[in-house]
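Counting from 856, one number per residue, gives the positions in the sequence shown under the working numbering.
The beta carbon of each residue, even a glycine, is placed where N, CA and C say it ideally should be.
Quantities reported herein were computed from a predicted structural model and do not represent experimental measurements.
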Amino acid sequence: MDITLQQVSYAYAKNTPFEKRALFDVDLHIPSGSYQAIIGHTGSGKSTVLQHLNALLKPTDGSIQIGDVEVSAGKKNKQLRKVRQKVGIVFQFPEHQLFDETVLKDIMFGPMNFGVPEQEAKRRAIELVSLLGLPDEVLEKSPFDLSGGQMRRVAIAGVLAMNPEVLVLDEPTAGLDPKGRKEIMDLFYRLHKEKGLTTILVTHSMEDAARYADRIAIMHDGKCVLAGTPQEIFSDEGRLMDFRLELPQSMKFQKKVEQMMGKKLPALCLTEEMLAEELARFLKKEREL
Ligand SMILES: Nc1ncnc2c1ncn2[C@@H]1O[C@H](COP(=O)(O)OP(=O)(O)OP(=O)(O)O)[C@@H](O)[C@H]1O
């Protein structure tokens, strides 16, 4: 399901003394099956864009096409429920939204609320608990008796139980330790690859954007100022600095290595693994000469 923002502008508390314009004429096309990262400094408008992606917010000007549903200013739309079913959002600290007395009931709540039969909702919950690396025993436990990392996984299972076509992730690993972060990010990547799940990641992490995304959009002062592949986005450090952003760590290392060697590596290394491989290839070639 493609998502296209056309000239989207948004103002909070419009027509009040507190009016705050947060988005200005944002154009962005997110093709079905892609992994789109949205990056930008604090207050640049990322969360405001994110809330438009499943029509939690409607543009004050412009329009968004979400699959076959168009959401635009002033237009009443009866299909917003359909959009919310298809576009799942994992908000920051999603465990704050857990509420039911058992993990099983909590995960089943969303799908049953949208008319999925109980047996099917239960089947999904059991499958997802295992997919997220949790033991079966947690199903009958209170979500509030779990560790922070386990609660996060249960909350993610609740979003996945809706079988979304698009998964929107708002800093989904905030507050987790490095191992937990990587496990969760790798899991989302696997779901993206294996199920073709369109994935939209809102993040401050240049590393995650470089490692996982195939497209990156940069938000700056409420505008989408750049969009392209990671190679395109990270090829110009000066431009990134204009938007108060930095290169991913691997590319900073790459620059240091190139300075030490006095030679450039042929490719941009978006991850540390890529840098290690590229360097090994380069040194092998040098030895052969
Ligand atoms: N509920 C709100 N009411 C009024 N202004 C808001 C509200 N939410 C956000 N804003 C303002 O809109 C602008 C964009 O905020 P937004 O939260 O979308 O940025 P962000 O890039 O997600 O920031 P962060 O990285 O800190 O989460 C900011 O100037 C912010 O102060």
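Short Cβ contact (8 angstroms threshold) for Met1074 with Lys913 = One-based indexing of the sequence shown puts residue 1074 at position 219. One-based indexing of the sequence shown puts residue 913 at position 58. Their beta carbons are not under 8 angstroms apart, which means Met1074 does not touch Lys913 by this criterion.
At a cut-off of 7 angstroms, is Gly917 close to ligand 1 when judged by its beta-carbon and the heavy atoms of the ligand?
-> Start at 1 with the first residue of the sequence shown, and residue 917 comes out as number 62. False, no ligand heavy atom lies under 7 angstroms from that Cβ.
Look up His1047 in the DSSP assignment and give the residues it is bridged to.
-> Your numbering for residue 1047 matches position 192 in the sequence shown. None, per the DSSP bridge assignment.
Any non-hydrogen atom of ligand 1 within 7 angstroms of Gly1030 CB | Here residue 1030 is taken as the residue at index 175 of the sequence shown, counted from 1. Because no heavy atom of ligand 1 lies under 7 angstroms away, the Cβ of Gly1030 does not count as near it: no.
Under three-state DSSP, which class holds Arg1070?
-> Within the sequence shown, the letter at position 215 stands for residue 1070. Strand.
So what does DSSP say about Ala1016, is it helix, strand or coil?
-> Taking the first residue of the sequence shown as position 1, residue 1016 is located at position 161. Coil at Ala1016, not helix or strand.
Just the C-alpha distance for Lys1119 and Leu1138, rounded to the nearest angstrom, thanks.
-> Numbered from its first residue, the sequence shown carries residue 1119 at position 264. Numbered from its first residue, the sequence shown carries residue 1138 at position 283. One C-alpha to the other measures close to 12 angstroms.
In whole angstroms, what is the alpha-carbon distance linking Glu1020 and Val945?
-> Counting from 1 along the sequence shown, the entry for residue 1020 is found at position 165. Counting from 1 along the sequence shown, the entry for residue 945 is found at position 90. If you take the alpha carbons of Glu1020 and Val945, they lie about 13 angstroms apart.
Reference Val1009; option with closest CA among Glu1049, Leu959 and Gln891 = The count along the sequence shown starts at 1 and reaches residue 1009 at position 154. Of Glu1049, Leu959 and Gln891, the residue nearest in Cα terms is Leu959.
Does ligand 1 have a heavy atom nearer than 7 angstroms to the CB of Ala868?
-> Numbered from 1 along the sequence shown, position 13 holds the residue referred to as residue 868. True, at least one ligand heavy atom lies under 7 angstroms from that Cβ.
With DSSP collapsed to three states, give me the class of Phe1098.
-> Taking the first residue of the sequence shown as position 1, residue 1098 is located at position 243. Three-state DSSP puts Phe1098 in coil, outside helix and strand.
Outcome for Arg1045 when other beta-carbon atoms lying within 10 angstroms are tallied against a minimum of 16 | Within the sequence shown, numbered from 1, the residue matching residue 1045 stands at position 190. With fewer than 16 Cβ atoms within 10 Å of its Cβ, Arg1045 is classed as exposed.
Assign Glu945 to one of three DSSP states: helix, strand, or coil.
-> The residue given as residue 945 occupies position 90 in the sequence shown. First, the amino acid is wrong: residue 945 is Val here, not Glu. Three-state result, Val945: strand.
Assigned exposure category for Asn909 - 16 Cβ within 10 Å defines buried = Here residue 909 corresponds to residue number 54 of the sequence shown, with the count starting at 1. Under this definition Asn909 is a buried residue.
Kindly identify the DSSP beta-bridge partner or partners of Ala910.
-> On the sequence shown, position 55 is the one that residue 910 refers to. For Ala910, which the question treats as bridged, DSSP gives no partner whatsoever.
Reference Gly1013; option with closest CA among Met1129, Lys977 and Pro1033 = As a first step, residue 1013 must be located in the sequence shown, where it is residue number 158. It is Lys977 whose Cα lies nearest to the Cα of Gly1013.
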